[in-house]
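Participant: Numbering (the working numbering), first residue to last: 194 to 461. From the three backbone atoms N, C-alpha and C, an ideal C-beta is built for every residue, glycine too.
1. Please name the residue, chosen from 443, 426, 223 and 436, that lies closest to residue 412 on a Cα-to-Cα basis.
2. Using beta-carbon positions only, say whether residue 297 and residue 318 come within less than 8 angstroms of one another.
3. Note down the Cα distance separating residue 236 from residue 222, rounded to an integer number of angstroms.
4. Using CA atoms only, rank isn't needed, just tell me which of 264, 234 and 233 is closest to residue 248.
5. What is the residue span of the alpha helix (DSSP H) that residue 339 lies within?
6. Looking at residue 296 and the ligand MG, is the gap between the Cβ and the nearest heavy atom below 7 angstroms?
7. Decide if residue 337 is buried, meaning its Cβ has at least 16 other Cβ atoms within 10 Å, or exposed.
8. For residue 418, is the classification buried or exposed, using 16 other Cβ atoms within 10 angstroms of its Cβ as the cut-off for buried?
9. Are residue 436 and residue 348 closer than 8 angstroms when you measure CB to CB?
10. Put residue 290 into one of helix, strand or coil per three-state DSSP.
11. Hey, how far is the Cα of residue 445 from the Cα of residue 404?
Written out as structure tokens, the structure is:
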């Protein structure tokens, strides 16, 4: 009758020994690599490769391909193996921040098509990590309000980070047209198509100094209205204001832009 409990105890002891053995073998592999055994490094890379893929997957919402991100993460892992000091504690605790640092440096140094402040770049990465986490939790694409609550950023900071994504890794006109069933159709093929939002984009480029001079909240509201095509009521919910207040801010912002363009103020 003791076979069951004895077997369970034996299994538990075996699991504990196996766990300790695995931890010891990582240290042994690191020591072997320090002694010049390159095969030990290859084994460490193989063992931690699933972890690097998970870390790279946090940025799946960016313009970077997953393969490229996994290569960057793997490079971070190799650098961690090279620099690891056993006095720092368990290897994994040292490896994770090194891999994340490598990914963030990749975005910071290689992906931006124009100058974007470092603080905005960092928020861009934070917002993308939050989008990945919240998409799984909510079962839908998170709204700026969801991201703000999750990260502790303001809605204006979230929207600014999302806007910054347009400066990251500009796409070629030969890239496939997104959401199009015709795989031979490129972005360049659609240049002749009209979209009512283009007028706002053109205005924003022509009046860039005036647009950037607007308060962040007003820029956010303009973006939500004319780029994301939200109604005033939806914008009010997103930014935490009344619909009437949103309407006033929209009118004031457009008046300022109109004045900068040399046009008359809007009526009403």
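Facilitator: Based on what the coordinates show:
1. 443
2. yes
3. 8 angstroms
4. 264
5. 337-344
6. For the structure depicted, the ligand MG is absent and the ligand set is empty, with no information on it obtainable.
7. buried
8. buried
9. no
10. helix
11. 12 angstroms
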